[in-house]
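Below is one structure, written out as structure tokens; comments come after it.
Number of protein chains: 2
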Amino acid sequence: MAGPAQDKDNPEQTEEGGGPARRRGRRPAGADTRAALLAAAREVFAEQGYAGATVRAIAGRAGVDAAMVNHWFGGKQGLFSAVMEMPKALDLAELVSGIVYNGDREPARLAERIVRTFVTLWDANEGQFAALIRSVSSQDITARVFRDFLTKEVLHRVADQVGADQSDLRASLCASQMVGVGMARYVVKLGPLADASVDTIVRAVAPTLTRYLTEDILG
Amino acid sequence: MAGPAQDKDNPEQTEEGGGPARRRGRRPAGADTRAALLAAAREVFAEQGYAGATVRAIAGRAGVDAAMVNHWFGGKQGLFSAVMEMPKALDLAELVSGIVYNGDREPARLAERIVRTFVTLWDANEGQFAALIRSVSSQDITARVFRDFLTKEVLHRVADQVGADQSDLRASLCASQMVGVGMARYVVKLGPLADASVDTIVRAVAPTLTRYLTEDILG
DNA sequence: TTTATTTTTCAATGAACGTTGAAAACGTTT
DNA sequence: AAACGTTTTCAACGTTCATTGAAAAATAAA
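Line by line, the protein sequences give chains X and C.
In terms of numbering that gives the first Met the number 0, the first sequence opens at residue 0 and continues consecutively.
In terms of numbering that gives the first Met the number 0, the second sequence opens at residue 0 and continues consecutively.
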């Protein structure tokens, strides 16, 4: 990453557009440095992976000195652990609640709601899905944390809605198809799926989820 | 990555188990340093990502000096580009030929052959699928190269087998479900799919591919 | 054989990395 | 108001990184 001809290091410290140079010492009350570091770290780790993310870049985005990482989290690894124990879970969890606890438990419409909600959400936040995949595939412990979260907060709720047997397997199959669509549309950017409208994807994929939720899957 | 207490740097140079210390200068004929670097780089980039992979680690695994990366590829980026332009395509391409050019074009059996072949292959080579995903999601140009390869060498061949309309979309949907199964089984390691037998996965997933290949997908 | 060219390792370079200790600024307690 | 503890930046440290130039060894050409 080093070398003679390299033009990185754009300042981009915080939102203050060229205010007075920050003096040394404790800042005025109200600044939650710890939270700012957590938020910045979540972004940078997702964008760059663990090795690619530098402490200086994270601190820079949070608008504080790199030494604060050591002071608050004991080092880069500690910050990473802290990020992983709070993986921005609320948004997704609330989203799933909105899909599932709806009064309408008819499987075909439940499936359609799942597909449409997630594709619409991922379409709106360009790059969010790819960042999630990068994060999950970059380190083993990330995958473990994500799996625990997904199982507890999402799959079990979907499985509870369908009265069928093998509900865990059924919910996992649904998740696998949704992740596959995301990989094809946002990461690999396969033409036919990347260019398709939300409606097209719903028409194509929702029946697959319906089948996973209702039909006999084993012998 | 630096720090006071750190115990890395296990030699692990090449396969020669402690032979005479290699002398300086050109080595005897027959040693294809360029190819050795390419092979080592493919492994290390897949395992560590672009930022995590060091030139020293790659050269060490190839059994040569780190300076050879500059001599043969102009630097780390050049080596990465060279790796990506030859993404170990032959294995997968030949595999697909075996699945597709089989005489048996009946969609349901074609779908079953696809699912069984890929899951069996990925099961046999533990970590191969995860390494592929890490590689594809780590950098944009990797995703582009992989997409071009997948479209040309795999999807078009599958699409040619089914005489239906929208064959590109159909093949892409099949690929999305297979990638999703791989993510769930090998990367996130979702229990129900990670623990399931190959037969179970075939019974659950193959009908999905059959539907993508045959049924009316657009209203 | 002598000369030239290519291939390889070695040693060194400057940059960037994570980390640390001390000093400075702020809030809190006495 | 004075003392104390906490928070923050700064400056520096040692390490590791990618890269480079020169020397050494092998092959190729003369």
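C-beta: ideal position from N, C-alpha, C; glycine also.
Are any of the Cβ atoms in chain X nearer than 9 Å to that of residue i?
i      : result
I132/C : yes
D167/C : yes
R104/C : no
A39/C  : no
Please confirm whether residue i has its beta-carbon closer than 9 Å to some beta-carbon of chain C.
i      : result
G206/X : Note that residue 206/X corresponds to Pro in the displayed sequence, not to Gly. Answer yes: the Cβ-Cβ gap between P206/X and chain C drops below 9 Å somewhere.
A203/X : yes
V135/X : yes
T199/X : yes
R115/X : no
A226/X : This structure gives no information on residue 226/X, because the portion of chain X shown stretches from 0 to 218.
I57/X  : no
R210/X : yes
D64/X  : no
A88/X  : Only weak support exists for where A88/X lies, its pLDDT of 49 falling under 50; the coordinates are left without a value.
Which residues in chain C sit within 7 Å of residue i, going by Cβ to Cβ distance?
i      : result
F145/X : V187
A142/X : V186, V187 and K188
So residue i contacts chain X; which residues on that side make the cut at Cβ distance below 8 Å?
i      : result
D122/C : Under the 8 Å cutoff, chain X gives no residues; its nearest Cβ is about 16 Å from D122/C.
Q176/C : S175, Q176, G179 and T207
A107/C : By Cβ distance, chain X contributes nothing, its closest Cβ being about 14 Å from A107/C, past 8 Å.
Going by the beta-carbon positions, is the gap between residue i and residue j smaller than 9 Å?
i      : j      : result
F128/X : Y185/X : yes
T207/X : T119/C : no
L37/C  : A81/C  : yes
G190/X : D139/C : no
V187/X : A183/C : no
A50/X  : Q47/C  : yes
A45/C  : S134/C : yes
A40/X  : L78/X  : yes
R169/X : L131/X : no
T32/C  : V54/C  : no
T209/X : A110/X : yes
D159/X : V99/X  : yes
E84/C  : V144/C : yes
V180/C : V204/C : yes
L192/X : S171/C : yes
V197/C : D103/C : no
S96/C  : R146/C : no
S137/C : S175/X : no
V68/C  : G59/C  : no
P106/C : V43/C  : no
Q165/X : I113/X : no
Could you name the residues of chain C that residue i contacts, counting a contact when the two beta carbons are closer than 8 Å?
i      : result
L192/X : L168, S171, L172 and S175
M67/X  : Those do not exist, as M67/X stays about 17 Å from chain C at its closest Cβ, beyond 8 Å.
G48/X  : G48, A50, G51 and S137
A195/X : L168
Could you work out which residues of chain X lie near residue i, taking near to mean beta carbons separated by less than 7 Å?
i      : result
I216/C : R202 and A203
A129/C : S136
The region 70-84 of chain C: which residues have C-beta closer than 7 Å to a C-beta of chain X, in chain order? none
Note down, in chain order, all residues in the region 146-163 of chain C with a beta-carbon under 9 Å from any beta-carbon belonging to chain X. R146, L149, T150 and L154
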